[in-house]
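The next block holds one structure in the form of structure tokens; read it before the comments.
Protein chains in written order, with my numbering: chain X, 360 to 534; chain L, -9 to 163.
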């Protein structure tokens, strides 16, 4: 599967992506904002990637490729949708830190949500962002996400409690 | 057994299945809970049988009066990362003849006290239908704070909003 959009292309995860994931997860600036806490062995990373190669309505994962170079720059996922509510949780991870600030995060967000609305038939996409992760929040807002509220002390990481923003995007709101 | 002022919480037992089967098939009682499909006696039996050992990741309880009348169930669950010490709360007091007697408020207080004192939780959160004002009033009475409105979060003959509410340790009233 290849889903071509502005700046990026989404494709199905492949076992060979594990080496990219391992590199991204070794960067503390990347994992700082992720739920991931413990170091992963290469086998564990390979297993995570392999889980993503069997997509379903409730669990679709994508490897994000930069259109100009064809290189893998991150991954996205739409998880937890039920057919009745058609609401999925979005993950966006731009693992290549050298490419931050060039619009790939916004482009990956847009492409994944477009896929979710047009191909999967979702009605709503939501996500949790660390309240102080301004860079990510800006990217989500650019794609049309609305901050629906602030959950206090929802995450404990790096020695302190963090508030999380709940952000939502309805079909028709994607920009 | 964990004692409140009006109710007590205990581990679910197979003998609860028959009464839960009757209560959870009362459409008027479960309308606010998002129960979509009819539940069989066997499904109730499987549910209680699978929850006989409450634990950190899945603490479900039968709620009964001090006289032993089963009112429904409640629980603290989805504690995926224990580092966050945060749980989802669910409550289903589904005997309509026992509504408006203060059991809901007391069950909330007792369950949250259990979560903070026994499970060492830091945060308890719940999602409630925005239209379920009776429940929201009870949650606010015991100290829960409205944090977010998840727009068009669930389908029930149309799209409806959910409200995210939470209670942090020290906030229980």
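We put the beta carbon where it would ideally sit given N, CA and C, even for glycine.
Please report how far the alpha carbon of residue i lies from the alpha carbon of residue j, in whole angstroms.
{"i": "residue 509 (chain X)", "j": "residue 498 (chain X)", "result": "18 Å"}
{"i": "residue 134 (chain L)", "j": "residue 412 (chain X)", "result": "41 Å"}
{"i": "residue 495 (chain X)", "j": "residue 506 (chain X)", "result": "12 Å"}
{"i": "residue 81 (chain L)", "j": "residue 430 (chain X)", "result": "48 Å"}
{"i": "residue 79 (chain L)", "j": "residue 100 (chain L)", "result": "12 Å"}
{"i": "residue 368 (chain X)", "j": "residue 488 (chain X)", "result": "23 Å"}
{"i": "residue 70 (chain L)", "j": "residue 45 (chain L)", "result": "13 Å"}
{"i": "residue 380 (chain X)", "j": "residue 388 (chain X)", "result": "14 Å"}
{"i": "residue -4 (chain L)", "j": "residue 14 (chain L)", "result": "22 Å"}
{"i": "residue 108 (chain L)", "j": "residue 448 (chain X)", "result": "31 Å"}
{"i": "residue 75 (chain L)", "j": "residue 519 (chain X)", "result": "12 Å"}
{"i": "residue 442 (chain X)", "j": "residue 157 (chain L)", "result": "30 Å"}
{"i": "residue 129 (chain L)", "j": "residue 18 (chain L)", "result": "20 Å"}
{"i": "residue 16 (chain L)", "j": "residue 25 (chain L)", "result": "10 Å"}
{"i": "residue 94 (chain L)", "j": "residue 47 (chain L)", "result": "23 Å"}
{"i": "residue 90 (chain L)", "j": "residue 504 (chain X)", "result": "40 Å"}
{"i": "residue 170 (chain L)", "j": "residue 85 (chain L)", "result": "Because residue 170 (chain L) is not part of the residues shown, which for chain L are -9 to 163, the question remains open."}
{"i": "residue 145 (chain L)", "j": "residue 444 (chain X)", "result": "5 Å"}
{"i": "residue 102 (chain L)", "j": "residue 155 (chain L)", "result": "13 Å"}
{"i": "residue 73 (chain L)", "j": "residue 120 (chain L)", "result": "30 Å"}
{"i": "residue 160 (chain L)", "j": "residue 92 (chain L)", "result": "22 Å"}
{"i": "residue 118 (chain L)", "j": "residue 39 (chain L)", "result": "27 Å"}
Do the CB positions of residue i and residue j come within less than 8 Å of each other?
{"i": "residue 139 (chain L)", "j": "residue 162 (chain L)", "result": "no"}
{"i": "residue 104 (chain L)", "j": "residue -8 (chain L)", "result": "yes"}
{"i": "residue 53 (chain L)", "j": "residue 116 (chain L)", "result": "no"}
{"i": "residue 77 (chain L)", "j": "residue 43 (chain L)", "result": "no"}
{"i": "residue 484 (chain X)", "j": "residue 464 (chain X)", "result": "no"}
{"i": "residue 153 (chain L)", "j": "residue 126 (chain L)", "result": "yes"}
{"i": "residue 83 (chain L)", "j": "residue 61 (chain L)", "result": "yes"}
{"i": "residue 399 (chain X)", "j": "residue 416 (chain X)", "result": "no"}
{"i": "residue 435 (chain X)", "j": "residue 467 (chain X)", "result": "yes"}
{"i": "residue 502 (chain X)", "j": "residue 478 (chain X)", "result": "no"}
{"i": "residue 122 (chain L)", "j": "residue 22 (chain L)", "result": "yes"}
{"i": "residue 366 (chain X)", "j": "residue 462 (chain X)", "result": "yes"}
{"i": "residue 143 (chain L)", "j": "residue 517 (chain X)", "result": "no"}
{"i": "residue 523 (chain X)", "j": "residue 490 (chain X)", "result": "yes"}
{"i": "residue 361 (chain X)", "j": "residue 370 (chain X)", "result": "yes"}
{"i": "residue 374 (chain X)", "j": "residue 408 (chain X)", "result": "yes"}
{"i": "residue -6 (chain L)", "j": "residue 97 (chain L)", "result": "yes"}
{"i": "residue 432 (chain X)", "j": "residue 425 (chain X)", "result": "yes"}
State the start and end residues of the unbroken alpha helix (DSSP H) segment that holds residue i.
{"i": "residue 18 (chain L)", "result": "17 to 20"}
{"i": "residue 142 (chain L)", "result": "Unbroken run through residue 142 (chain L) is the beta strand (DSSP E), 135 to 145; no alpha helix (DSSP H)."}
{"i": "residue 378 (chain X)", "result": "377 to 384"}
{"i": "residue 13 (chain L)", "result": "7 to 14"}
{"i": "residue 406 (chain X)", "result": "401 to 410"}
{"i": "residue 101 (chain L)", "result": "93 to 107"}
{"i": "residue 499 (chain X)", "result": "493 to 501"}
{"i": "residue 125 (chain L)", "result": "123 to 131"}
For residue i, report the span of its beta strand (DSSP E) as first-last.
{"i": "residue 526 (chain X)", "result": "519 to 529"}
{"i": "residue 32 (chain L)", "result": "Not the beta strand (DSSP E): residue 32 (chain L) falls in the alpha helix (DSSP H), residues 31 to 39."}
{"i": "residue 467 (chain X)", "result": "First-last for residue 467 (chain X): 463 to 474, but that is the alpha helix (DSSP H), not the beta strand (DSSP E)."}
{"i": "residue 508 (chain X)", "result": "505 to 516"}
{"i": "residue 54 (chain L)", "result": "48 to 55"}
{"i": "residue 361 (chain X)", "result": "361 to 363"}
{"i": "residue 422 (chain X)", "result": "418 to 425"}
{"i": "residue 483 (chain X)", "result": "483 to 489"}
{"i": "residue 77 (chain L)", "result": "76 to 83"}
{"i": "residue 448 (chain X)", "result": "446 to 453"}
{"i": "residue 115 (chain L)", "result": "113 to 119"}
{"i": "residue 368 (chain X)", "result": "367 to 370"}
{"i": "residue 63 (chain L)", "result": "60 to 67"}
{"i": "residue 389 (chain X)", "result": "Residue 389 (chain X) -> not in any beta strand (DSSP E); alpha helix (DSSP H) instead, spanning 387 to 390."}
Can you list the residues of chain L that residue i reaches, using a CB-CB cut of under 8 Å?
{"i": "residue 366 (chain X)", "result": "The premise fails here: residue 366 (chain X) is roughly 28 Å from chain L at the closest Cβ pair, so nothing lies under 8 Å."}
{"i": "residue 594 (chain X)", "result": "Absent from the model: residue 594 (chain X). The displayed extent of chain X is 360 to 534, so no value can be given."}
{"i": "residue 502 (chain X)", "result": "Near residue 502 (chain X) there are no residues of chain L at all, since even the closest Cβ is about 16 Å away, more than 8 Å."}
{"i": "residue 396 (chain X)", "result": "71 and 73"}
{"i": "residue 529 (chain X)", "result": "141 and 142"}
{"i": "residue 379 (chain X)", "result": "Neighbours of residue 379 (chain X) on chain L: none; closest Cβ ~25 Å, over 8 Å."}
Closer than 9 Å by beta-carbon distance: list the chain L residues that pair up with residue i, in chain order.
{"i": "residue 482 (chain X)", "result": "142, 145 and 149"}
So residue i contacts chain X; which residues on that side make the cut at Cβ distance below 8 Å?
{"i": "residue 217 (chain L)", "result": "For residue 217 (chain L) there is no data in the structure shown, the boundaries of chain L being -9 and 163."}
Can you pull the chain L residues whose beta carbon is under 7 Å from the beta carbon of residue i, in chain order?
{"i": "residue 507 (chain X)", "result": "138, 139, 140 and 141"}
{"i": "residue 446 (chain X)", "result": "143"}
Listing by chain order, which chain X residues have their CB less than 7 Å from the CB of residue i?
{"i": "residue 76 (chain L)", "result": "513"}
{"i": "residue 111 (chain L)", "result": "Chain X residues near residue 111 (chain L): none, gap ~11 Å exceeds 7 Å."}
{"i": "residue 101 (chain L)", "result": "Those do not exist, as residue 101 (chain L) stays about 19 Å from chain X at its closest Cβ, beyond 7 Å."}
{"i": "residue 158 (chain L)", "result": "511 and 512"}
What I want to know is whether the C-beta of residue i ends up closer than 7 Å to one or more non-hydrogen atoms of the ligand GTP.
{"i": "residue 453 (chain X)", "result": "Although the ligand GTP was asked about, the structure shown includes no ligands whatsoever."}
Just to make sure I have the definition right: I need the residues of chain X whose C-beta is within less than 9 Å of the C-beta of residue i. Which are they?
{"i": "residue 154 (chain L)", "result": "507, 508, 510 and 525"}
**Message:** Check whether the segment 387 to 401 of chain X and the segment 416 to 426 of chain X touch, using three or more Cβ-Cβ pairs below 8 Å as the test.
**Reply:** Taking one beta carbon from each stretch, the segment 387 to 401 of chain X and the segment 416 to 426 of chain X have fewer than 3 pairs nearer than 8 Å; the two do not touch.
**Asked** Does the segment 2 to 13 of chain L come within contact of the segment 511 to 531 of chain X, defined as at least 3 CB pairs closer than 8 Å?
**Response** Result no; under three Cβ-Cβ pairs closer than 8 Å.
**Prompt:** Quick one: any contact between the segment 510 to 523 of chain X and the segment 464 to 475 of chain X, if contact means 3 or more CB pairs under 8 Å?
**Reply:** Because the criterion of three Cβ pairs below 8 Å is not met, the segment 510 to 523 of chain X and the segment 464 to 475 of chain X do not touch.
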